[in-house]
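A.B. asks:
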Amino acid sequence: MGMGDSEQEAIDELIASLPQKKVPNLPPCCLFQNFWYPIFVLPYVVACQRHFKAKDKDIVVASDPKSGTTWLMPIAFSIFNLFGHNPRFDLDDMEEPRLFSTHLPYPSLPKCIKWSDCQIIYICRNLHKVLFLKYEDFKEDIGGQMKNVAQFMGLPFTEEEEEGGAIEEIAKMCSLKTLEDLEVNKSGKFMPSFENRSYFRKGEVGDWVNYLSPPTAARLHSIIKEKMSPFGLEFKTDELFWCMIA
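Numbering-wise, full-length UniProt numbering puts 64 at position 64 of the sequence shown, and it's gapless, one number per residue.
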């Protein structure tokens, strides 16, 4: 999205007026709509809010970074391809339903997304419009979760497709190993300091035990329980967690 000089000046003034902080090994950040953004990202956030036009049939895959987006997007796109949907570079020319992904927190989503009937795959807001997925559930039963995603998008697998192995084929084609081995993901950079291969890590459930101390794990568990329980959200806690904090 291109910006004119006057719009860029307005964004520069906005950034200058916001609280800022520096964190070691990270780019400078500013507080915008109760969320800390890298300063270089904020112009794109504002441009999206001002210029993006949502349609009622749009589907938005929304998530925090490093929570499975790179895995879920090709799965959703593959489900679309079964029904003849091809990518378009001009958003206005894309066939409906259109599929997008974003890391924007809910307060920063363009108002047109909030006010439209487009669907969001991420967090439990209005249950008829939002599909809440857990990474651990995908790892445990990818076939069942793919069927849930397809049903939610209004593109359920037919009996013939299921019997023909369409679900298994998509699961194989979109496995983390297959995606990681794609040449585009092994080379190149998303930005000067961010290589494409950084999108892929281990993809393992429970690897946190190798990085978090028992006190830190217990504190995070307490915060998650406090913040999420009022919304009826529950997260699986493996036996190893309780052994660590005991």
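Ideal Cβ placement from N, Cα and C applies to all residues, glycine included. Nothing here was measured: the structure is a model prediction, and the numbers come from that model.
1. Just the C-alpha distance for residue 229 and residue 132, rounded to the nearest angstrom, thanks.
2. Report the start-end ranges of each alpha helix (DSSP H) in the segment 1-70 that is 4 residues or longer and not cut off at the edges.
3. In whole angstroms, what separates the C-alpha of residue 6 from that of residue 169?
4. Tell me, please, whether the segment 141-153 touches the segment 201-221 by the rule of three or more beta-carbon pairs shorter than 8 Å.
5. According to DSSP, is residue 182 helix, strand or coil?
6. Let's test the definition: count the other Cβ atoms within 10 Å of the Cβ of residue 58 and tell me whether it reaches 16, buried, or not, exposed.
7. Could you name each continuous beta strand (DSSP E) segment of 3 residues or more that falls completely within the UniProt domain "Sulfotransferase" (127-231), going from the start of the chain to the end?
8. Between residue 186 and residue 25, what straight-line distance do the alpha-carbon atoms span, to the nearest angstrom?
9. Just curious, the alpha helix (DSSP H) that residue 112 is in, first and last residue?
10. If you draw a straight line from the alpha carbon of residue 127 to that of residue 40, how long is it in whole angstroms?
11. DSSP three-state label for residue 99, please.
12. Alpha carbon to alpha carbon, what distance is there between residue 96 and residue 111?
13. Quick one: residues in its chain with C-beta nearer than 7 Å to the C-beta of residue 37, no 5 flanking neighbours on either side, listed in chain order?
C.D. replies: So, from the data block:
1. 15 Å
2. 5-17 and 42-51
3. 50 Å
4. no
5. coil
6. buried
7. 189-191
8. 23 Å
9. 111-115
10. Bear in mind that a pLDDT of 47 at residue 127, under 50, signals an unreliable position, so the model cannot answer this.
11. strand
12. 20 Å
13. 29, 30 and 45
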